[in-house]
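Mapped onto the numbering used here, the consecutive letters of the sequence shown carry residue numbers 608 to 945. Comments concern the structure below.
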Amino acid sequence: MKQLVTEKPGVLSIVDVEIPRLMDPKDVLVKMKAAGICGSDVHIYHGTSPVATYPRVMGHEIVGVIAEIGKDVSAVKVGDKVIVDQIAACGHCYPCKIGRPNICCNLKVRGVHIDGGYREYMVAPEDAMHLLPEGLAFTDAVMIEPMSIAFQSCSRAGISKDDIVFILGAGALGKSLIKAALLTGAEIIVSDVVDQRLEEAQELGVSHVINSQKEDLAGKLKEYTQWGPTVSIDAAGFVGSLPLLMDLTCNAGRVITMAFLDEPSPVQQFKITAKELDIRGSRLQNNKFGEVIAAYNAGKIKIEGAVSHVMPFTDAIEAFKRIDSKDPSIRKIALSFE
Ligand code: MN
Ligand code: ZN
Numbered sequence: 608m609k610q611l612v613t614e615k616p617g618v619l620s621i622v623d624v625e626i627p628r629l630m631d632p633k634d635v636l637v638k639m640k641a642a643g644i645c646g647s648d649v650h651i652y653h654g655t656s657p658v659a660t661y662p663r664v665m666g667h668e669i670v671g672v673i674a675e676i677g678k679d680v681s682a683v684k685v686g687d688k689v690i691v692d693q694i695a696a697c698g699h700c701y702p703c704k705i706g707r708p709n710i711c712c713n714l715k716v717r718g719v720h721i722d723g724g725y726r727e728y729m730v731a732p733e734d735a736m737h738l739l740p741e742g743l744a745f746t747d748a749v750m751i752e753p754m755s756i757a758f759q760s761c762s763r764a765g766i767s768k769d770d771i772v773f774i775l776g777a778g779a780l781g782k783s784l785i786k787a788a789l790l791t792g793a794e795i796i797v798s799d800v801v802d803q804r805l806e807e808a809q810e811l812g813v814s815h816v817i818n819s820q821k822e823d824l825a826g827k828l829k830e831y832t833q834w835g836p837t838v839s840i841d842a843a844g845f846v847g848s849l850p851l852l853m854d855l856t857c858n859a860g861r862v863i864t865m866a867f868l869d870e871p872s873p874v875q876q877f878k879i880t881a882k883e884l885d886i887r888g889s890r891l892q893n894n895k896f897g898e899v900i901a902a903y904n905a906g907k908i909k910i911e912g913a914v915s916h917v918m919p920f921t922d923a924i925e926a927f928k929r930i931d932s933k934d935p936s937i938r939k940i941a942l943s944f945e
């Protein structure tokens, strides 16, 4: 079979290897059908991921069909269409014990710390398999993963219908966050510097949009909210975005960080204390695939329409080059193994 290997930052190659074997009676073999390319994969390719190791088969938005099952597997059968959970946790550390394997002290993320889905076959335990909704195309199903990240963030924020949620950034992550936050019934305000993204946010049903390059962000938020947003989610992640959100958020509010930004942002501790802000990180997702799939099956969220380009897996190197070209028509590329 073929797999795409990031040998080291900037160096991709497609190589021939043996199809992996089941190692455990609870393992299953997945024949890949589609894999999404995420911003974090681009970081791994460029060598700017603070967590990835090399050489690495990237890919954590992994969709396929079960091709073989171990003798103790009962949750899935050959032929089932699945998305593979990106998280492999140890099960015995403190976060694992309190039900938060997404931040396991020995966390291994498929496609980051261990090999992921940019290959024709992969082996993973049955626990990592989530059945796809009926009728959802493989290349659209890759979006279940980014949507699960947004569900996690909303869950960390503890959003209820009385909240006013401010989402900083209306790119791919921001859009998933808007869709997830809308399910809570809360009021949503979004800012970005690109008008086109803000128009799309408006179409999704947010209450207000602010172009922070052309408008006074703090002034507009005051106009729309009286006391400030009760929840702020950082879907932009630049130096200074955290202190900015600490300033904008209402007293007693929650600020959610999602970026893997390595450079420090200066923070005045006084503001956290004086406003009793909760600053909470949101990483990956904790059992959110099932919630996303249930919301889709219930007709509450739309997953289709987010993938802008489908390219054959054999053109994966070309796909990464196209992303580097900054072609504005590229929103999301799904690699297809058909
Ligand atoms: Mn992703
Ligand atoms: Zn653990």
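Backbone N, C-alpha and C define an ideal beta-carbon position, used for all residues, glycine too.
Can you look up Q610 in the DSSP assignment and give me helix, strand or coil? Here Q610 sits in strand by DSSP.
Beta-carbon gap between G724 and H650 smaller than 8 Å: A distance of 8 Å or more separates the beta carbons of G724 and H650.
Determine which residues share a DSSP beta bridge with I795 and list them. In DSSP, I795 forms a bridge with V772.
What do you reckon, are the CB atoms on M918 and S943 nearer than 8 Å? Yes, the Cβ-Cβ distance between M918 and S943 is below 8 Å.
Less than 7 Å between the CB of A696 and some heavy atom of the ligand GTP, yes or no? For the structure depicted, the ligand GTP is absent and the ligand set comprises only the ligand MN and the ligand ZN.
Distance check for K928 and Q693, CA to CA, integer angstroms please. Looking at the two C-alpha atoms, the distance is approximately 24 Å.
Report all residues for which the CB-ligand distance to some heavy atom of the ligand MN is below 7 Å; order them along the chain. Selection output, chain order preserved: G643, C645, S647, H667, E668, E752, P753 and I756.
Helix, strand or coil: which one does DSSP assign to M729? Under the three-state reduction of DSSP output, M729 falls in the strand class.
Would E727 and K609 be called neighbours here (beta carbons separated by less than 8 Å)? Yes.
Beta-carbon contacts of I785 that lie in its chain and below 7 Å, excluding the five residues immediately before and after: Closer than 7 Å at Cβ, skipping near neighbours: I774, I795, V797, A808, L811 and V813.
Apart from the five residues just before and just after L738, which ones in its own chain have a Cβ nearer than 8 Å to its Cβ? Once the five neighbours on either side are set aside, the close Cβ partners of L738 are V683, D687, K688, V689 and I900.
To the nearest angstrom, how far is the alpha carbon of N858 from that of E733? Pairing N858 with E733, the inter-Cα distance amounts to about 44 Å.
In its own chain, which residues sit with a C-beta less than 7 Å from the C-beta of F896, not counting the 5 before and 5 after it? The answer, listed in chain order, is I690, D692, H737, I751 and S755.
List the endpoints of the continuous beta strand (DSSP E) containing A674. From DSSP, the beta strand (DSSP E) with A674 extends over I669 to I676.
Is it the case that the Cβ atoms of T837 and L849 are separated by a distance below 8 Å? No, they are not a contact pair.
Does T880 come out as helix, strand or coil in the three-state DSSP assignment? Here DSSP, grouped into helix, strand and coil, assigns T880 to helix.
Identify whether L636 lies in helix, strand or coil by the three-state DSSP scheme. In the structure shown, L636 falls within a strand segment according to DSSP collapsed to helix, strand and coil.
Please determine, among F758, L884, R861 and A748, the residue with the shortest C-alpha to C-alpha distance to R890. Out of F758, L884, R861 and A748, the CA that lies nearest to the CA of R890 is found in F758.
For D869, which residues in the same chain have their Cβ closer than 7 Å to its Cβ, ignoring the five residues on either side in sequence? P657, listed in sequence order.
Quick one: what does DSSP say N709 is sitting in, helix, strand or coil? Helix.
Buried or exposed: which applies to V862, given that a residue is buried once 16 or more other Cβ atoms fall within 10 Å of its Cβ? So V862 ends up on the buried side.
Go ahead and label A695 buried or exposed: buried means 16 or more other beta carbons lie within 10 angstroms of its beta carbon, across all protein chains shown. A695 comes out buried.
Are the beta-carbon atoms belonging to I766 and T791 less than 8 Å from one another? Yes. Within cutoff.
So what's K688 in DSSP terms, helix, strand or just coil? Three-state DSSP puts K688 in a strand.
If you count every other CB in all the chains shown that lies within 10 Å of the CB of Y939, and 16 or more means buried, which is it? Note on residue identity: the sequence assigns Lys, not Tyr, to residue 939. When all chains shown are included, K939 counts as buried.
Under 6 Å Cβ to Cβ from G778, same chain only, skipping five residues before and after it: list those, please. So no residue of the chain qualifies.
Cβ of N904 within 8 Å of Cβ of P753? Cβ atoms of N904 and P753: not closer than 8 Å.
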